[in-house]
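Contents: one structure, followed by commentary.
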Amino acid sequence: MVKYSQEPDNAVKAAKARASDLRTSFKNMRETAMAIKGMPLGKAKSYLGKVMEKKDVIPLRRFGGSAGRSNLTKNHKYHGPGRFPVKSVKHLLDLLTNAESNAEVKSLDSDSLVVSHIQVNQAVRGRRRTYRAHGRINAYMSSPCHVEVILVEKDDGGVKKAEENAVVPRQSRKQLAQKRLRNGASA
1 MVKYSQEPDN
11 AVKAAKARAS
21 DLRTSFKNMR
31 ETAMAIKGMP
41 LGKAKSYLGK
51 VMEKKDVIPL
61 RRFGGSAGRS
71 NLTKNHKYHG
81 PGRFPVKSVK
91 HLLDLLTNAE
101 SNAEVKSLDS
111 DSLVVSHIQV
121 NQAVRGRRRT
131 YRAHGRINAY
141 MSSPCHVEVI
151 LVEKDDGGVK
161 KAEENAVVPR
171 QSRKQLAQKR
181 LRNGASA
């Protein structure tokens, strides 16, 4: 059995998928994965479809040093570089489809699935060589990656529970005294 870096809280309501040694750029795959983390499955698939058609962009938040600024990143509350990493998007769509199939086998509702965990790790780099002028040889490396995805079925009751268990902000003694005075209670 393959080990995942994180296990879901409720394994019955979760579906997992992973891929190893994908021949696509680690940096592009990491940015694409972070763009869909926390999204519902349907929304993530439609977003990645738009990126494939070059109608929407993947914002490059960490590995965008030499990329030019894209005007489409403003839709993601980010004003920086963005790209259309089509190869990474294809691999990620295949992985999401695989995870969705695993969820259907477990008889989970695919409309309520959310990408709760997605992780991209660097794989062993591929070595090739390129021949340069004056008889020199340089390395020609590739940066493949491993990806793992966990989809979790979200229930609607979780919103009500979160409101009931909302943490009341701490108040100082002075704020509590002022509150008592406003309410007419004596100290």
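If you count the sequence shown from 1, position 154 lands on 154 in the UniProt record's numbering, and the numbers rise without skipping.
Glycine residues also receive a C-beta, built at the ideal position from the N, C-alpha and C atoms.
DSSP places G38 outside any beta strand (DSSP E), giving it a letter other than H or E. Rounded to whole angstroms, L93 and L48 show a C-alpha spacing of 7 Å.
Assignment of D94 by DSSP, reduced to helix, strand and coil, places it in the helix class. Spatial neighbours of S70 in its own chain (CB-CB distance under 6 Å, excluding positions within 5 residues in sequence) are listed in chain order as V57 and G82. Within the stretch 66 to 112, the complete alpha helix (DSSP H) segments at least 4 residues long are 86 to 105, listed from N- to C-terminus.
Approximately 5 Å separates the beta-carbon atoms of T32 and S88; this is inside 8 Å, confirming the contact. According to the DSSP assignment, A19 belongs to the beta strand (DSSP E) that extends over A14 to L22. When only Cα atoms are considered, R128 and K154 end up about 45 Å apart. When secondary structure is reduced to three states using DSSP, Y4 falls in the coil class, being assigned neither helix nor strand. In the pairwise beta carbon analysis, the stretch 163 to 176 is classified as not touching the stretch 34 to 51: fewer than three pairs are separated by under 8 Å. In the three-state reduction of the DSSP assignment, R173 falls in the helix class.
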